[in-house]
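Counting in this note's numbering, the sequence shown runs from 118 upward without gaps.
Encoded as structure tokens, the structure appears first; notes follow it.
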Amino acid sequence: MAYYLVFLLQTKLSSLVNFAQGIDLFFAPAGIKLVAFMVAGIWGFWGIAVVGLITAQDVWQTDTMLIHLGNTAIWAGVPYVTYLGLAQWLRLDASLMKLKYWHVLIIALATSLASSLGSNLYQWLVQNRSFDMITSASIAMAVGDFMGIGVFVFALAFIVRKRSHRNTRD
118 MAYYLVFLLQ
128 TKLSSLVNFA
138 QGIDLFFAPA
148 GIKLVAFMVA
158 GIWGFWGIAV
168 VGLITAQDVW
178 QTDTMLIHLG
188 NTAIWAGVPY
198 VTYLGLAQWL
208 RLDASLMKLK
218 YWHVLIIALA
228 TSLASSLGSN
238 LYQWLVQNRS
248 FDMITSASIA
258 MAVGDFMGIG
268 VFVFALAFIV
278 RKRSHRNTRD
């Protein structure tokens, strides 16, 4: 639900930060997507996949449902699998107790790059994007996702610190 609400807000902002169809140079929902993967695991993936299927129909209105399903599988699946691999490599458990800020930076960069490259290759495969746009579109999408993750994670960390500071005073 949070992803969908931020996506609707993003559609209002999109005219200011749009690079190409389906690509914004700042994409706030990417932060929610990553946090859902990290906190809720497979359930976060399924929640993001369902809302991704709904929003894909808004972004790519002329595509068939089969193309939307493929797009959603790549858009949600590639960064989720990337996160799982990185979490194992960084020795993070499900509680995220060992999570450090530099872990979030690495995870945000890797998932943004994996998602953008996978999504743009898929869009080329289904002929929604020309081959000569794959590099620039992937970079633009990765930048937008990375910035969206950064803003969301910073805001989340700020809120958590404020609440914990307030709880220690009580």
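Just so it is clear, CB atoms sit at the ideal spot from N, CA and C, and this is done for glycine as well.
All of these numbers come straight from a predicted model, not from anything done at the bench.
Checklist entry - What is the residue span of the beta strand (DSSP E) that F135 lies within? => result For the purposes of this step, residue 135 is identified with residue 18 of the sequence shown, where counting begins at 1. Residue 135 is actually Asn in this sequence, not Phe. Counting along the chain, the beta strand (DSSP E) containing N135 begins and ends at N135 to A137.
Next on the checklist: Counting beta carbon pairs with one atom in the segment 118-135 and one in the segment 160-171, are three or more of them shorter than 8 Å?
Outcome noted: yes
Item to check | Touch test, the segment 222-230 against the segment 255-274, Cβ-Cβ under 8 Å, three pairs minimum | outcome: yes
Next on the checklist: According to DSSP, I140 sits in a beta bridge with which residue or residues?
Outcome noted: For the purposes of this step, residue 140 is identified with residue 23 of the sequence shown, where counting begins at 1. Per DSSP, A137.
Item to check | Nonlocal neighbours in the same chain, by C-beta distance under 7 Å from F144, ignoring five residues either side | outcome: Locating residue 144 in the sequence shown gives position 27, where the first residue counts as 1. Contacts found: Q127, G261, D262 and G265.
Checklist entry - Where D180 and K215 are concerned, what is the direct C-alpha to C-alpha distance, given to the nearest angstrom? => result If you number the sequence shown from 1, residue 180 lands on position 63. If you number the sequence shown from 1, residue 215 lands on position 98. Rounded to whole angstroms, D180 to K215 spans 42 Å at the Cα level.
Checklist entry - So is V202 buried or exposed if we call it buried at 16+ other beta carbons inside 10 Å? => result The residue you call residue 202 lines up with position 85 of the sequence shown. According to the sequence shown, residue 202 is Gly rather than Val. Counting Cβ neighbours within 10 Å, G202 comes out exposed, since fewer than 16 surround it.
Checklist entry - Expressed to the nearest angstrom, what Euclidean distance is found between the alpha-carbon atoms of L238 and I140? => result Residue numbering aside, residue 238 sits at position 121 when the sequence shown is read from its first letter. Residue numbering aside, residue 140 sits at position 23 when the sequence shown is read from its first letter. Distance between the alpha carbons of L238 and I140: 13 Å.
Next on the checklist: Check this for me: beta carbons of F136 and L130, under 8 Å apart or not?
Outcome noted: Taking the first residue of the sequence shown as 1, we reach residue 136 at position 19. Taking the first residue of the sequence shown as 1, we reach residue 130 at position 13. Not closer than 8 Å, so no.
Checklist entry - Which whole-angstrom value describes the C-beta separation of F269 and G148, a residue pair presumed to lie in contact below a C-beta threshold of 8 Å? => result Your numbering for residue 269 matches position 152 in the sequence shown. Your numbering for residue 148 matches position 31 in the sequence shown. Their Cβ separation, rounded to whole angstroms, is 2 Å, which keeps F269 and G148 in contact under 8 Å.
Item to check | Proximity winner among Q138, W219 and H220, relative to A173 (alpha-carbon distances) | outcome: Counting from one through the sequence shown, the residue named residue 173 turns up at place 56. Minimum Cα distance to A173 is reached at Q138.
Item to check | M155 burial status per 10 Å Cβ neighbour count (16 or more: buried) | outcome: Working through the sequence shown from its first residue, we reach residue 155 at position 38. The residue is buried, with at least 16 neighbouring Cβ atoms inside 10 Å.
Item to check | Whole-angstrom distance between P196 and A225, CA atom to CA atom | outcome: Taking the first residue of the sequence shown as position 1, residue 225 is located at position 108. Taking the first residue of the sequence shown as position 1, residue 196 is located at position 79. Near 9 Å, if we compare the C-alpha coordinates of P196 and A225.
Checklist entry - With a cut-off of 8 Å, does the C-beta of Q174 fall near any C-beta of chain D? => result No chain D appears in this structure, which consists of one protein chain only.
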